[in-house]
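Positions in the sequence shown are counted from 1; adding 71 to them yields this note's numbering. Just so you know, even glycine gets a beta-carbon here, dropped at the ideal spot from N, CA and C. Read through the structure below, which is laid out as structure tokens, and then see the notes.
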Amino acid sequence: MAGGLLQIHDPLKPRGHAVGIDLGTTNSLVAAVIEGKPRAFAVDAGGSLLLPSVVHYAQDGSVTVGARARALAATEPTSTIASVKRFMGKGPEDSETKALGAYRFATGGAVVRFEVKGGPPVTPIEVSAEILRTLKRRAEAALTGKVEQAVITVPAYFDDAQRQATRDAGRLAGLEVLRLLNEPTAAALAYGLDKGSQGRFAVYDLGGGTFDISILELVEGVFQVKSTGGDSALGGDDVDRAIAARFLETHGVANPDAAQVTELLAVAREAKETLTRQETTELSALGKSFRVSRAEMEAWISPLLQRTG
72 MAGGLLQIHD PLKPRGHAVG IDLGTTNSLV AAVIEGKPRA FAVDAGGSLL LPSVVHYAQD
132 GSVTVGARAR ALAATEPTST IASVKRFMGK GPEDSETKAL GAYRFATGGA VVRFEVKGGP
192 PVTPIEVSAE ILRTLKRRAE AALTGKVEQA VITVPAYFDD AQRQATRDAG RLAGLEVLRL
252 LNEPTAAALA YGLDKGSQGR FAVYDLGGGT FDISILELVE GVFQVKSTGG DSALGGDDVD
312 RAIAARFLET HGVANPDAAQ VTELLAVARE AKETLTRQET TELSALGKSF RVSRAEMEAW
372 ISPLLQRTG
């Protein structure tokens, strides 16, 4: 009887869709299960499934999210917010907060606030909500119906403040957050590890801005998290900074401005990605050039990787 009561709903009210969202530091993605099969939705006219987690605030008050926002970072770095996930649940005095990006922070208050053009300062929750809102609209266009609910992935080590901030961002975007799913569990499910009857797995997730490692045990098709750890200030962003720092050191550039930092980090990211495919590459930024090999990059980032052990 109780189970039947739980399933009662107003037949006149159309039921909205539920989606799964990977709210990532670097890129985000939205998907749903349709007729028993997972389907990710394109986030732009070009068919890309990944939405860059970047938000730009213009002087006229308009907001741009995704690849176009990332392109605007070169000319308007202080009004273009990237890697906002690393700020979730953080206070303005957190040391790692001050080290991130070329942003201008508003003074006062208990949470981080970014000063942007065209309006009052915005919080990480508000920035994240813009990303979620964009994903919601893309899913609605693909499903030709309302999207009202979502499961959102979060790092396993996220504390209560960071998890609540993620829920608040979902609510602000017009989504009922059904569940926050730990990213290692999501990865295990994505790789079909739940299809076995039992086993113990280590899930190592070094993302764009955060690091997660979890030990999962599968018992009769159900995952149990046995232990977890991580670092909310460790990821691909830090590799970019290591390359950029060596570039600045080599050329004797001190105290670069916001635009120079943004340009150099973009070039460093491109070099990092290129070095996954070839042995050497050349960086060109700030009117200077710099050749780097894969072996050199690996040596520079070795201290970062040791932190994952």
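Query: Option in A236, R238, T299, D230 with minimal Cα separation from T256; Result: T299
Query: V182, DSSP secondary structure in three states; Result: coil
Query: Coil, strand or helix - R312 by DSSP; Result: helix
Query: Collapsed DSSP secondary structure at E147 in the structure displayed; Result: coil
Query: Beta-carbon spacing of V225, L122 below 9 Å; Result: no
Query: Inter-residue CB distance, V198 and V126 (contact presumed, cutoff 8 Å); Result: 5 Å
Query: Local Cβ density within 10 Å of S99, reported as buried at 16 or more and exposed below that; Result: buried
Query: C-alpha distance - F112 paired with V293, whole-angstrom precision; Result: 28 Å
Query: Whole-Å CB distance - G189 paired with D131, under 8 Å assumed; Result: 6 Å
Query: Three-state secondary structure (DSSP) of K207; Result: helix
Query: Cβ-based neighbour list, V193, same chain, cut-off 8 Å, excluding 5 preceding and 5 following; Result: Y128, I152, R184, F185, V187
Query: Closer than 9 Å to chain B by CB, A366; Result: Going by chain labels, chain B is absent from the structure shown, which holds only one protein chain.
Query: Beta strand (DSSP E) segments (min. 3 residues) lying fully within the segment 303-375; Result: 351-356, 359-364
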